[in-house]
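Residue numbers (the working numbering): 11 to 411.
Next comes the structure, spelled out in structure tokens:
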């Protein structure tokens with residue numbers, strides 16, 4: 011029942027052959043994904059069209075035997091969020107798959123400030139056992155692509171294998187139509203690799219555990235009392251406004267050490283308060299996304315900080331988008347595509363109608379894979395770089411994690 015599905019994961023499977031000092035009669039495969047486990051239960055839970063749609067979500071640990079691990083991006087074991095749904099019709103299932111793809115895109119762009127390309131995977135790259143796989147693809151700061159989330163339209167492939175059927179309104183026995191979709195902790199790696207710089211992290215305010223850090227500066231006890239009084243007032247106002255704020259009044263470290271530490275940790279906004287600022291009833295604001303500092307009045311500080319945080323979120327997204335656009339190039343021949351991939355990295359956009367063998371040739375020559383066919387295709391026509399035939403399909407290729 012699991013043949014095609016397991017075959018698709020074969021190189022990545024972790025197989026347990028011994029336990030308790032003895033060889034197992036039947037090897038155990040450590041969960042590479044949950045379709046087979048969950049479909050075993052779907053076949054028991056679903057009986058009637060009244061049971062549909064059935065939508066479930068879970069968080070689980072997954073094991074993939076990666077040949078080359080990379081922190082956050084490719085790890086042997088990782089936590090992921092996965093959803094699985096059953097529907098009465100193909101149309102409902104496809105609609106759910108596209109809905110989740112859009113939710114993932116919104117999360118990547120609105121929360122993580124990472125521009126995402128939404129697209130359909132090729133037959134070679136699609137999920138094992140799926141009719142179609144859709145993904146959001148991001149471009150990391152080193153020019154490599156990263157698949158950040160996937161949504162699969164599974165058709166009836168798993169329901170037929172596991173006997174997941176329902177009686178429809180006419181009393182006829184039907185197989186359910188299914189989807190599955192997921193995101194993993196590799197998104198942490200994506201945030202680091204898209205926004206990080208030579209100083210360390212740069213976290214979007216929407217996800218930053220600490221959105222604003224206050225650093226009071228003093229030399230004498232008298233200055234300390236005055237500075238801390240204003241800093242406490244600013245801290246209280248920001249906290250009451252729902253801003254995630256921290257006061258760094260440690261006296262065993264210099265202000266410069268604190269600046270470097272919070273910059274490395276990616277805190278979006280730093281507010282410095284010294285004796286001069288107390289006299290001016292102001293603070294010095296230093297944004298993590300751009301260089302420089304700006305004096306800001308304490309009057310209405312909460313609204314000012316909210317506005318600045320919104321601006322930082324927007325700027326991080328725009329910087330990442332500008333990088334992706336500058337590193338997305340067009341090629342009109344296989345040779346040009348190979349040269350761009352090998353010399354420039356980034357996405358290479360080509361007209362494509364090639365088969366699995368053509369994809370394999372590109373991968374062999376350049377290590378690049380077909381990342382997706384973007385969903386925002388224009389009604390245009392071009393010449394496929396692999397076959398020389400006319401096509402309306404454009405594809406993105408890139409070296410990927």
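Where is the CB? At the ideal position from N, CA and C, for every residue including glycine.
Short Cβ contact (8 Å threshold) for residue i with residue j
i: residue 227; j: residue 244; result: no
i: residue 205; j: residue 279; result: no
i: residue 222; j: residue 281; result: yes
i: residue 404; j: residue 339; result: no
i: residue 53; j: residue 176; result: no
i: residue 111; j: residue 158; result: no
i: residue 273; j: residue 209; result: yes
i: residue 300; j: residue 293; result: no
i: residue 218; j: residue 181; result: no
i: residue 382; j: residue 145; result: yes
i: residue 37; j: residue 46; result: no
i: residue 237; j: residue 288; result: yes
i: residue 380; j: residue 147; result: no
i: residue 191; j: residue 97; result: no
i: residue 216; j: residue 106; result: no
i: residue 393; j: residue 402; result: no
i: residue 86; j: residue 69; result: no
i: residue 415; j: residue 67; result: Residue coverage of the chain in this structure runs from 11 to 411, which leaves residue 415 outside it and unanswerable.
i: residue 306; j: residue 295; result: yes
i: residue 95; j: residue 125; result: no
i: residue 2; j: residue 324; result: Within the shown structure, residues of the chain are numbered from 11 to 411, placing residue 2 beyond reach of any answer.
i: residue 395; j: residue 341; result: yes
i: residue 108; j: residue 152; result: no
i: residue 351; j: residue 378; result: yes
i: residue 249; j: residue 220; result: no
Residue i in three-state terms, based on DSSP
i: residue 293; result: strand
i: residue 133; result: coil
i: residue 248; result: helix
i: residue 147; result: strand
i: residue 27; result: strand
i: residue 56; result: coil
i: residue 5; result: Because the chain spans 11 through 411 in this model, residue 5 falls outside it and cannot be assessed.
i: residue 207; result: strand
i: residue 163; result: strand
i: residue 267; result: helix
i: residue 212; result: coil
i: residue 379; result: strand
i: residue 340; result: strand
i: residue 234; result: helix
i: residue 218; result: coil
i: residue 81; result: coil
i: residue 6; result: For residue 6 there is no data in the structure shown, the boundaries of the chain being 11 and 411.
i: residue 256; result: strand
i: residue 199; result: helix
i: residue 155; result: strand
i: residue 128; result: strand
i: residue 239; result: helix
i: residue 182; result: coil
i: residue 112; result: helix
i: residue 47; result: helix
Assumed close pair residue i, residue j - CB separation to whole angstroms, cut-off 8 Å
i: residue 376; j: residue 348; result: 5 Å
i: residue 195; j: residue 90; result: 7 Å
i: residue 185; j: residue 169; result: 4 Å
i: residue 133; j: residue 408; result: Contact flag wrong, Cβ pair sits at about 18 Å.
i: residue 44; j: residue 114; result: Contact doesn't hold; Cβ gap of about 18 Å is too wide.
i: residue 363; j: residue 397; result: 5 Å
i: residue 411; j: residue 80; result: 7 Å
i: residue 83; j: residue 165; result: Actually they do not touch by this definition, with Cβ atoms about 30 Å apart.
i: residue 122; j: residue 214; result: 6 Å
i: residue 322; j: residue 286; result: No, residue 322 and residue 286 are not in contact; Cβ-Cβ is about 25 Å, not under 8 Å.
i: residue 24; j: residue 73; result: 5 Å
For residue i, the first and last residue of its enclosing beta strand (DSSP E)
i: residue 190; result: 187–194
i: residue 275; result: From DSSP, residue 275 is part of no beta strand (DSSP E); its letter is neither H nor E.
i: residue 175; result: 175–177
i: residue 350; result: No beta strand (DSSP E) contains residue 350, which is instead part of the alpha helix (DSSP H) from 344–354.
i: residue 92; result: 87–97
i: residue 69; result: 64–73
i: residue 307; result: 303–307
i: residue 359; result: 357–361
i: residue 227; result: That residue, residue 227, is in no beta strand (DSSP E); it is neither H nor E in DSSP.
i: residue 21; result: Unbroken run through residue 21: none, as it is neither H nor E.
i: residue 37; result: 32–40
Residue i: first and last residue of the uninterrupted alpha helix (DSSP H) it sits in
i: residue 311; result: 311–336
i: residue 372; result: 366–376
Segment contact, 8 Å Cβ cut-off, at least three pairs: the stretch 381–396 with the stretch 121–129: Contact between the stretch 381–396 and the stretch 121–129 is present: three or more C-beta pairs spanning the two stretches fall below 8 Å.
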